[in-house]
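Enquirer:
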Amino acid sequence: MEFLHLPPDLHGAALWLPLVWAAIIALAVAMYVLLDGFDLGIGIMFTAAESENWRDRMMLSVAPVWDFNETWLILGGAGLFAVFHFAYAILMPALYVPVFVMLIALIFRGVAFEFRFKAERTKHLWDKSFHYGSLVATFAQGVVLGAFVQGFESDGRAFTGSTWDFLTPFSAMTGLALIAGYGLLGRPGS
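In this text, residue positions in the sequence shown follow my numbering: the first is 118, and each later residue adds one.
1) Can you give me the C-alpha to C-alpha distance between residue 211 and residue 237, rounded to a whole angstrom?
2) Could you give the distance in angstroms between the alpha-carbon of residue 193 and the alpha-carbon of residue 230?
3) Could you compute how far the alpha carbon of residue 118 sits from the alpha carbon of residue 144?
4) Output the boundary residues of the alpha helix (DSSP H) element that contains residue 162.
5) Taking Cβ positions, are residue 255 and residue 299 nearer each other than 8 Å?
6) Residue 271 by DSSP, collapsed to three states: which one?
7) Taking the alpha carbon of residue 279 as the reference point, which residue from 292, 132 and 264 has its own alpha carbon closest?
8) Could you tell me how far apart the beta carbons of residue 250 and residue 234 are, in whole angstroms, since I believe they sit closer than 8 Å?
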């Protein structure tokens, strides 16, 4: 392998450890998309359910794994922060707004999920809260994905763009496409 000349300090763990962590983070994000995408899809399609019985069945289908699914997102974010801190230093300032909106929507959705089972008179309000929380969280994730695909302005190890650079027609369309995709994962009767 004469064509591959690595600097002398990139051998052993310095070479393979970042690759292993990149694979772990990629796996965590993929698992989050598949598993919590189903939960979000149920929330997106929640108001389309034909009856109260269907909505109860939809909620009960995710209740056992509800908390575990979002753990994958925490693993991905914490791994990025701990291992690839220079990338984190560029990505987070570029994505503060959509990530913050996503986290607030996920919290709101979690509260609606828990209170729906306890409420009798206000169950319909928690149903709508669960639906809109899922919509907003999914759209924010799509905007993050779209902005990530487009790239970020940086100068060395610092983000140099503005606060609203993430919001483009492409990232908005990616958000809408993710809503459609997650909706397919969570449609009633599937």
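Even glycine gets a Cβ: it sits at the ideal position worked out from N, Cα and C. Note that the structure is a prediction, hence the values are computed from the model and not measured.
Expert: In this structure, then:
1) 42 Å
2) 24 Å
3) Because residue 118 sits at a pLDDT of 48, beneath the cut-off of 50, its placement in the model cannot be relied upon, and the point is left open.
4) From DSSP, residue 162 is part of no alpha helix (DSSP H); its letter is neither H nor E.
5) yes
6) In the three-state DSSP reduction, residue 271 falls in the strand class (E or B).
7) Of the candidates 292, 132 and 264, the residue whose Cα lies closest to the Cα of residue 279 is 264.
8) Between residue 250 and residue 234 the beta-carbon gap is near 16 Å, outside 8 Å, which marks them as no contact.
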